[in-house]
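> Going left to right, the sequence shown walks through residues 50 to 309 as our numbering numbers them.
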Amino acid sequence: MQPTWEGKSVADWQANWEVPLLEIHETLTSTNSRARDLLREGGSSFSTVIAQTQTEGRGRNGNYWHSPKDMGLWMSFLLRHSIQDPPNLVSTLTGLAVVDAIDSVSDTSRLGIKWPNDIEINGKKVGGILCETCGRESVVVGIGLNVIQEQDDFPAFLAEKVTSIGMASGKAVSLAELAGSILLHCKILLDPLPTVLPVGLIEKLERRSTLIGMKVPLSDGQEGSVLGFSPLGAMLVMAEGSLRHINSTSAVRSYTEIPK
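(1) Only counting runs of 4 or more residues, tell me where the alpha helix (DSSP H) segments fall wholly within the region 117-179, in order along the chain.
(2) With residue 177 and residue 170 assumed to form a contact (beta carbons below 8 Å), what rounded beta-carbon distance in angstroms separates them?
(3) Considering Cα atoms alone, identify which of 262, 285, 119 is closest to residue 224.
(4) Compare the beta carbon distance of residue 193 and residue 124 with 9 Å and say whether it is the shorter of the two.
(5) Taking all protein chains shown into account, do 16 or more other C-beta atoms lie within 10 angstroms of the C-beta of residue 126, making it buried, or fewer, making it exposed?
(6) Flag this pair as yes or no: are the beta carbons of residue 157 and residue 214 separated by less than 9 Å?
(7) Return the CA-CA distance between residue 96 and residue 159, expressed in angstroms with no decimal places.
(8) Sorted by chain position, which residues of the same chain lie with C-beta nearer than 7 Å to residue 149's C-beta, five sequence neighbours on each side aside?
(9) Flag this pair as yes or no: are the beta carbons of residue 166 and residue 121 separated by less than 9 Å?
(10) To the nearest whole angstrom, what separates the beta carbons of residue 139 and residue 239, a pair I think is in contact under 8 Å?
(11) Assuming residue 274 contacts residue 294 under a Cβ cut-off of 8 Å, what Cβ separation, rounded to an integer in Å, is found between them?
(12) Output yes if chain C places a C-beta closer than 9 Å to the C-beta of residue 156; else output no.
(13) Smallest Cα separation from residue 296: which of 141, 217, 67, 79?
(14) For residue 63, which residues of its own chain have a beta-carbon under 6 Å away from its beta-carbon, when the five flanking residues on both sides are left out?
(15) So for residue 267, helix, strand or coil by DSSP?
(16) Going by CA-CA distance only, name the one from 226, 128, 173, 174 that's closest to residue 185.
(17) When the Cα atoms are used, what is the spatial distance from residue 69 to residue 60?
(18) Out of 269, 91, 137, which has the shortest C-alpha to C-alpha gap to residue 242?
(19) Would you identify the three-state DSSP class for residue 82, choosing helix, strand or coil?
(20) Which residue from 163, 76, 107, 73 puts its Cα closest to that of residue 254?
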């Protein structure tokens, strides 16, 4: 583990962020995997793991997550609550916290959430959230954000689809400042974890959503229009005159077919 980060001791960052445990590693296979270990060791809510790079970073459905050293924020933290399955509320609230945190440290336009767990700027992916339930009482929340990269830093197969906070804002962003802001906003929205989204947060989610009004192809062959979100975090889609509550991306045929 690293004793310092961005010129300050890890102990100082832990105290500043008011988290029960903070680990910062030079290299991990995955911050979510290390967070699962902490959970088994009795770690409490908001115990946090950060890696300067991940060798096996993963996104939704096990997809590979490109995690170059010191160019992004690769972090996970624990939540010990009674968790619904799937954890739509946790992912949704984390997404709202992350975009608020990005706003607090940078000047970006068209920053939004592509349900359920992608963060986008100007229609390009800048980050993602991976929530993994561990039994019925806990969840690991993983967050990956491209922060410092320039266009040439991305693999060719990703370059046209992704961006970084620095590229979008034209401003240098401190990884530590961003991490602290994310934890602060996550505590506000996730502690305690609500059982439903209040109206104000639903409205905020709909303002932040990049899918409202879009047509989405569903896995049953129908196509529907995204109208909004339910108090349980489901995406509301009107298809063939019927309002559908979409709780999982498995109900959507292919997100790559959603028009920008």
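Virtual Cβ for every residue (Gly too), placed ideally from N, Cα, C.
Taking the geometry as given:
(1) 137-154
(2) About 13 Å; that fails the 8 Å criterion.
(3) 119
(4) yes
(5) buried
(6) yes
(7) 31 Å
(8) 234
(9) no
(10) 7 Å
(11) Contact flag wrong, Cβ pair sits at about 14 Å.
(12) Among the chains in the structure shown there is no chain C, since it carries only a single protein chain.
(13) 141
(14) 71
(15) strand
(16) 128
(17) 11 Å
(18) 137
(19) helix
(20) 163
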